[in-house]
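K.L.:
Residues 822 to 928 (the numbering used here) are what the sequence shown spells out, left to right.
Every residue gets a Cβ at the ideal spot worked out from N, C-alpha and C, and that includes glycine.
On a predicted model such as this, the values are computed, not experimentally measured, just so you know.
One structure is given below, represented as structure tokens, and several questions about it will come after.
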Amino acid sequence: MADYDLEALSLSELKKMQKDVAKAISTYQDRQKAEARAKVEAVARDLGYSLAELVGTETKSSRAPAAAKYRHPENPALTWSGRGRKPQWFVEALEAGTTTEELAISQ
Numbered sequence: 822m823a824d825y826d827l828e829a830l831s832l833s834e835l836k837k838m839q840k841d842v843a844k845a846i847s848t849y850q851d852r853q854k855a856e857a858r859a860k861v862e863a864v865a866r867d868l869g870y871s872l873a874e875l876v877g878t879e880t881k882s883s884r885a886p887a888a889a890k891y892r893h894p895e896n897p898a899l900t901w902s903g904r905g906r907k908p909q910w911f912v913e914a915l916e917a918g919t920t921t922e923e924l925a926i927s928q
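Take a look at the structure:
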């Protein structure tokens, strides 16, 4: 392994070396993972299974959209759950003197 005199290197040279090292580590880890996956797939194949059958499929959990809490007074198709940024129609209604209770959907 090469010895480097880090004190003699400039800041740009050190940053380039840091980036090169990070890339080398990442590609090394990727190669190791690929080799491990290939070995596990071979063992599963020898046993008559596919890796997907043994591990199962990865599913991303999805949340249901939040229920609407507020409705536009004139256009009932426009709703807002009360989460995130206020829609423009909600802001305009508040500025016009409408209260949030008046815009709320009664349940």
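Under a three-way DSSP split, which group does residue 848 fall into?
P.N.:
The residue given as residue 848 occupies position 27 in the sequence shown. Correct three-state label for residue 848: helix.
K.L.:
Assuming residue 894 and residue 914 form a contact by the criterion Cβ under 8 Å, report the distance between their Cβ atoms to the nearest whole angstrom.
P.N.:
Here residue 894 refers to the residue found at position 73 when the sequence shown is read from its first residue. Here residue 914 refers to the residue found at position 93 when the sequence shown is read from its first residue. Indeed they touch by this definition, with Cβ atoms about 7 Å apart.
K.L.:
Which whole-angstrom value is the C-beta distance of residue 890 and residue 925, which I expect to be below 8 Å?
P.N.:
Counting from one through the sequence shown, the residue named residue 890 turns up at place 69. Counting from one through the sequence shown, the residue named residue 925 turns up at place 104. About 6 Å separates the two Cβ atoms, so the contact holds.
K.L.:
In the DSSP assignment, what are the bridge partners of residue 892?
P.N.:
Walking along the sequence shown from the start, residue 892 turns up at place 71. Answer by DSSP bridge pairing, in chain order: 900.
K.L.:
Between the alpha carbons of residue 830 and residue 838, how many angstroms are there, rounded?
P.N.:
One-based indexing of the sequence shown puts residue 830 at position 9. One-based indexing of the sequence shown puts residue 838 at position 17. So the alpha carbons of these two residues sit roughly 10 Å apart.
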